[in-house]
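Residue numbers (my numbering): 172 to 658.
One structure is given here, and the rest of the page talks about it.
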């Protein structure tokens, strides 16, 4: 007999009230204003024998630099920190509550003091102060959700919402087919798109003992990146989506999950290219902000309407199949997959180009930001050479749990959607939630063989710790772990 399921929810506002570094683009951004609130939401599932504590944050990636201190600060009877897993919605209009990580850790670590000086406001929130603020928020959030546990029920539903579009158009250039993230489809050499899109919407609903809806976890395979180029703070389309769902279902908890979407975005590039041909070139370069010719708020509201309609349809089915004693099994383990390695010749050439930049710009702060960003790929080769001299494997924790006939599996990548298709199709579960940008780790993009051949951002070594061989390992090892919960 399965034990009764206990459910706890909590939510907190993680919107800073001072300027912060905005993370997600290569160029530096300091927040100008708050467009809408950033949220963190925690869901606890526990039945006496098993537990899983899941925290979703409106952030670009999992705040891995803070997790150890969060776990050490927790003091909840019966709570196992090893069963706490974070995931990010992947908004590019939030902060990591630390320094400007791309600038400090990536560019300045190789280029040194020639990097441009950043104009910080006196009241910027960063470093130790920002970290302490965020850690306190997370400790309180998890504690509140754990303490809020009450007997209840769960049910699941699957539907569809057209949110994601492939963001890697292909072109015939120089006698071969190449891919370009956010390339303009209005060009005469545009051929089509590199891959497919996943329009699935997977929902987990929670209920109290009276059959009242208390919350929903909603998995959409698309990053929240309509506003992504700008300096204001925003949860992006999830802000409008939460509002749209609550307008119909009441003030319930909502936990967003980002499904596999490394090659996806929420905008239709075919349509967008008609009025943004030049803007897309600037967007692709990632060197500066660009104003695109469309109504971003309207786009977010349209997405919210599509997701909320799927959630409502799912609710109508799920309310008739509530389980108070669902089969609940968990598995947490360390996975390792092949590191993507680089050739020495590429590293030598990269060092020569970096040395040329350093020779040209010798004075502190003299390197223009745009030229610094053009060093991105070469720095990636240099860093990877150092890493592969130490290890040829990439290790990360994986959190998998079975709930009734569904399975939830995490990974730390911006996972190209084809890998998710493989796992969803082959696993024993009736329904699979493949949650990217999770696993309490950060793995970068995980491209397909086709993407590596096409090149471009999102498939080069600088933005991919793992390549297609490691992707196949991820699929097979995740499938084995998922299916073991059916043994």
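Heads up, the beta-carbon is just placed ideally off N, CA and C, and yes, glycines get one too.
For residue i and residue j, what's the separation of their Cα atoms in angstroms?
i, j, result
"residue 200", "residue 599", "45 Å"
"residue 510", "residue 636", "6 Å"
"residue 498", "residue 172", "9 Å"
"residue 584", "residue 595", "17 Å"
"residue 256", "residue 428", "12 Å"
"residue 183", "residue 260", "15 Å"
"residue 528", "residue 549", "11 Å"
"residue 458", "residue 597", "41 Å"
"residue 486", "residue 332", "14 Å"
"residue 371", "residue 605", "11 Å"
"residue 222", "residue 437", "33 Å"
"residue 220", "residue 570", "16 Å"
"residue 245", "residue 314", "7 Å"
"residue 591", "residue 566", "19 Å"
"residue 227", "residue 443", "30 Å"
"residue 393", "residue 399", "13 Å"
"residue 656", "residue 608", "23 Å"
"residue 337", "residue 439", "8 Å"
"residue 466", "residue 209", "21 Å"
Taking 8 Å as the cut-off, decide whether the C-beta atoms of residue i and residue j are in contact.
i, j, result
"residue 282", "residue 546", "yes"
"residue 218", "residue 174", "yes"
"residue 190", "residue 294", "yes"
"residue 402", "residue 232", "no"
"residue 349", "residue 627", "yes"
"residue 448", "residue 463", "no"
"residue 297", "residue 269", "yes"
"residue 273", "residue 197", "yes"
"residue 334", "residue 474", "yes"
"residue 386", "residue 423", "yes"
"residue 368", "residue 588", "yes"
"residue 323", "residue 377", "yes"
"residue 316", "residue 216", "no"
"residue 451", "residue 353", "yes"
"residue 302", "residue 237", "yes"
Excluding the five sequence neighbours on either side, which residues of its own chain have a C-beta within less than 8 Å of the C-beta of residue i, listed in chain order?
i, result
"residue 602", "327, 329, 373, 576, 577 and 578"
"residue 363", "340 and 341"
"residue 254", "222, 223, 224, 501, 503 and 570"
Within the same chain, show all residues whose beta-carbon is closer than 7 Å to that of residue i, passing over the 5 residues directly before and after it, in chain order.
i, result
"residue 445", "357"
"residue 441", "356"
"residue 518", "552, 553 and 556"
"residue 453", "459 and 461"
"residue 646", "590, 593 and 594"
What did DSSP end up calling residue i once you bin it into helix, strand or coil?
i, result
"residue 223", "strand"
"residue 390", "strand"
"residue 267", "coil"
"residue 573", "strand"
"residue 464", "coil"
"residue 531", "helix"
"residue 516", "helix"
"residue 347", "strand"
"residue 286", "coil"
"residue 301", "helix"
"residue 592", "helix"
"residue 380", "coil"
"residue 180", "strand"
"residue 371", "strand"
Using the rule of at least 16 other Cβ atoms within 10 Å of the residue's Cβ for burial, across every protein chain shown, is residue i buried or exposed?
i, result
"residue 248", "exposed"
"residue 562", "exposed"
"residue 512", "exposed"
"residue 204", "exposed"
"residue 365", "buried"
"residue 305", "buried"
"residue 560", "exposed"
"residue 276", "exposed"
Ordered along the chain, which non-local residues of its own chain (more than five positions away) have a Cβ less than 6 Å from that of residue i?
i, result
"residue 616", "433, 585, 629, 634 and 635"
"residue 279", "286"
"residue 230", "259 and 265"
"residue 411", "471, 472 and 475"
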